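Enquirer: Here you go, one structure.
Chains as they are written, first to last, in this note's numbering: chain A, 2 to 241; chain B, 1035 to 1302.
The following block contains the structure:
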């Protein structure tokens, strides 16, 4: 796919390279449409302002919606694994941490808040932040499903002590993943440097320039990416 | 307002189960739906507390050197001074009244069942109506006959007890009466006699005069306010609100700063 934009005599050519499959994008948006109602129907038990929605019949409806949507929430990763097992496996391998991730973490604040890009070490198809997001999502999926099913079906079957633990685990998992969701939404929708994220999740492609800058290890390969990074650091120290 | 309490003198109970019947009659609880009469080899019936059985005489079978003996225990909500069920209830259906009674407002209850799972005595029962998907049931337990006690009457079980094993009144007086009875029992040879519930879990609203150790009756020797309720309500939930609120604020501030630092014309 090639896009051409004519603007005041300049010609911008954007070369698009594929990043996500159709199934991945579809399931991403399905998961969005699942997770937000799950958060809303869960928060009625948590926030005092929403308390009227938790009481009596309204609360029973909230629980019914929460449970029915939870079944879909359980299903989404399973469907992905059935439809595209190789892509799933590839992703899981890409979420592993490497030594460059430490450098990314050190410089992330300067980049995302102040816009300083130079010190960011080259990243693979997923940067450290995306890896953290993915790992948190995977772990919280497991914790949500286990604790949720025990609370749903285990009442009176499991010990009261285990049930109590599951309530606390479900709550903690919710807190961590809602914080993650807020950061995720901010970066995807509001952050000016991350314009390519929403494009790639809608159309499955990302700009080659963006990929070269943000995902150099993926774009150039690890060796070439490190050479370019070292060269850039040398130039920076010479000119300084 | 002075705390009220029920004193149950198990040394006088004859297990006539008049209290069970009076409870069902006053609170309009059906007999058969959740507690069909089943022969389990004991006179005890029904076999457990249910959403329709808020109090019940447990027939503990006890054998000592003197031979076989029943130790009767009138089960029901303990109306704890520090009621975990009230703290974990997300709908405020469970309430701690000024006089210490723990009451249920059924219109507010959504049947989440946290009360039944966080109760240190395992007392509240959840109605299973609607099954595991719809879950239309609500919680239920002894409320010390809220509508009677609000109007200065005694709970219906106390009113009906023909053995005069049940007393209702100011908690201080009930404790004094209980202690006096324990002393009397000790002089009569019940050396293990004791008063149960004076200090446990913030002081129970249901006090027992027992002739044997609490464990022999199947009561927890040292009941505790559940640690996980404390952890959940006082640590996880407040910290969670700070974490979520902080994340919203943090990303908003980051957005304010980054949009000044970035000229979109230069972004590729």
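Glycine included, C-beta positions come from ideal geometry on N, C-alpha and C.
Fair warning: this is a prediction, and the values are worked out from it, not measured in the lab.
What's the C-alpha gap between residue 173 (chain A) and residue 67 (chain A)?
Expert: 17 Å
Enquirer: Could you pull the start and end residues of the beta strand (DSSP E) that residue 220 (chain A) belongs to?
Expert: First-last for residue 220 (chain A): 217-220, but that is the alpha helix (DSSP H), not the beta strand (DSSP E).
Enquirer: Look at the Cβ atom of residue 1159 (chain B), then the Cβ atom of residue 1219 (chain B), and state whether they are nearer than 8 Å.
Expert: no
Enquirer: Return the chain-ordered list of same chain residues with a C-beta closer than 7 Å to the C-beta of residue 58 (chain A), the five sequence neighbours on each side being excluded.
Expert: Excluding residues within five positions, none has a Cβ falling inside 7 Å.
Enquirer: Counting C-beta neighbours from all protein chains within 10 Å, is the total for residue 1156 (chain B) 16 or more, i.e. buried, or is it exposed?
Expert: exposed
Enquirer: Is there a Cβ from chain A that is less than 8 Å from the Cβ of residue 1025 (chain B)?
Expert: The question about residue 1025 (chain B) has no answer here: the residues shown for chain B are numbered 1035 through 1302.
Enquirer: Pick helix, strand or coil for residue 1091 (chain B), following the three-state DSSP scheme.
Expert: strand
Enquirer: Answer yes or no: does any C-beta atom of chain B fall closer than 8 Å to that of residue 166 (chain A)?
Expert: yes
Enquirer: Just how far apart, CA to CA, sit residue 1091 (chain B) and residue 1051 (chain B)?
Expert: 7 Å
Enquirer: Do the CB positions of residue 26 (chain A) and residue 205 (chain A) come within less than 8 Å of each other?
Expert: yes
Enquirer: Kindly confirm or deny that the region 1289-1297 of chain B and the region 1261-1270 of chain B touch, where touching means at least three C-beta pairs closer than 8 Å.
Expert: Below 8 Å, too few C-beta pairs join the region 1289-1297 of chain B and the region 1261-1270 of chain B to call them touching: fewer than three.
Enquirer: Verify the CB distance criterion: does residue 1060 (chain B) have a CB-CB separation below 8 Å to chain A?
Expert: no
Enquirer: I want to verify the contact list: residues of chain B whose CB lies under 9 Å from the CB of residue 20 (chain A), in sequence order.
Expert: Chain B residues near residue 20 (chain A): none, gap ~16 Å exceeds 9 Å.
Enquirer: Would you say residue 52 (chain A) reaches chain B, if we count a Cβ-Cβ gap shorter than 8 Å as a contact?
Expert: yes
Enquirer: Count the other CB atoms within 10 Å of the CB of residue 234 (chain A); is the residue buried (16 or more) or exposed (fewer)?
Expert: Exposed, because fewer than 16 other Cβ atoms sit within 10 Å of the Cβ of residue 234 (chain A).
Enquirer: Among A:217, A:119, A:61, which residue has its Cα nearest to the Cα of residue 1163 (chain B)?
Expert: A:61
Enquirer: Tell me which residue opens and which closes the beta strand (DSSP E) that residue 1039 (chain B) is part of.
Expert: 1038-1043
Enquirer: Express the C-alpha separation of residue 165 (chain A) and residue 1173 (chain B) in angstroms, rounding to a whole number.
Expert: 17 Å
Enquirer: Any idea if residue 133 (chain A) is buried or exposed, counting beta-carbon neighbours within 10 angstroms, 16 or more meaning buried?
Expert: buried
Enquirer: Exposed or buried, which one is residue 1295 (chain B) when buried takes at least 16 other CB atoms within 10 Å?
Expert: exposed
Enquirer: Taking 8 Å as the threshold (beta carbon to beta carbon), is residue 187 (chain A) in contact with chain B?
Expert: yes
Enquirer: Below 8 Å, can you find three or more Cβ-Cβ pairs linking the region 1141-1149 of chain B to the region 1169-1185 of chain B?
Expert: yes
Enquirer: Which chain A residues are close to residue 1268 (chain B), counting only those with a beta carbon under 7 Å from its beta carbon?
Expert: The contacting residues do not exist; residue 1268 (chain B) stays about 12 Å from chain A at best.
Enquirer: Alpha carbon to alpha carbon, how far is residue 30 (chain A) from residue 117 (chain A)? Give it in angstroms, no decimals.
Expert: A direct Cα-Cα distance of roughly 31 Å separates residue 117 (chain A) from residue 30 (chain A).
Enquirer: According to DSSP, which residues form a beta bridge with residue 208 (chain A)?
Expert: A:17
Enquirer: Who are the neighbours of residue 47 (chain A) on chain B, taking C-beta pairs under 9 Å?
Expert: 1124, 1271, 1274, 1275
Enquirer: Taking a cut of 8 Å between CB atoms, which residues from the region 1136-1151 of chain B lie near chain A?
Expert: 1141, 1142, 1143, 1144, 1145, 1146, 1147, 1148, 1150, 1151
Enquirer: Tell me, please, whether the CB atom of residue 212 (chain A) is closer than 8 Å to any CB atom in chain B?
Expert: no
Enquirer: Hey, is the region 1213-1229 of chain B in contact with the region 1073-1089 of chain B, meaning 3+ C-beta pairs nearer than 8 Å?
Expert: no
Enquirer: Does the beta-carbon of residue 90 (chain A) have 16 or more other beta-carbons within 10 angstroms, so that it is buried, or is it exposed?
Expert: Around the beta carbon of residue 90 (chain A), a 10 Å sphere encloses fewer than 16 other beta carbons of the protein chains shown; the residue is thus reported as exposed.
Enquirer: Any Cβ of chain A within less than 8 Å of the Cβ of residue 1234 (chain B)?
Expert: Not closer than 8 Å to any Cβ of chain A, the Cβ of residue 1234 (chain B) fails to qualify, so no.
Enquirer: Using only CA atoms, which one of A:99, A:100, A:119 lies nearest to residue 108 (chain A)?
Expert: A:119
Enquirer: Could you list which residues in chain A have their beta carbon closer than 7 Å to that of residue 1260 (chain B), in chain order?
Expert: Close partners of residue 1260 (chain B) in chain A (Cβ separation under 7 Å): 165.
Enquirer: Specify whether the region 1036-1047 of chain B and the region 1232-1240 of chain B touch according to this definition: at least 3 beta carbon pairs, one from each stretch, less than 8 Å apart.
Expert: yes
Enquirer: Tell me which residues of the region 191-218 of chain A have at least one Cβ-Cβ distance to chain B shorter than 8 Å, keeping chain order.
Expert: 191, 192, 193, 194, 196, 208, 210, 211, 214
Enquirer: Taking residue 172 (chain A) as part of the alpha helix (DSSP H), name the residues at either end of that continuous run.
Expert: 161-186
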